[in-house]
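Residue numbers (the numbering used here): -16 to 73. All residues carry an ideal CB built from backbone N, CA and C; glycine is no exception. Just so you know, these numbers come straight off a predicted model, no measurement behind them.
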């Protein structure tokens, strides 16, 4: 991927939604809950007021309605501000 987010934005690859079945019924993709974790794929430089603390490869948790969905090279990503990321998974 050769996209560089600006300022305090990051690009995240969401973890795949877990496949669930209920009594033999497979839940369709549209009814699955969106995952709330993913991997940071690109980071901006931060701003003069906020240093970029995330780095490429970090596994993170983010808010349910955070970010804007974008598609790059046939893959769906989220682009969001660093402040929308809730935690780094260690």
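- With a cutoff of 7 Å on beta-carbon distance, residue 64 and residue 27 are scored as not near each other.
- The Cβ atoms of residue 45 and residue 53 lie no closer than 7 Å to each other.
- A Cβ-Cβ separation of about 5 Å places residue 22 in contact with residue -4 under the 8 Å criterion.
- Taking a contact as a CB-CB distance under 8 Å, the pair residue -6 and residue 25 counts as one, their CB atoms being some 4 Å apart.
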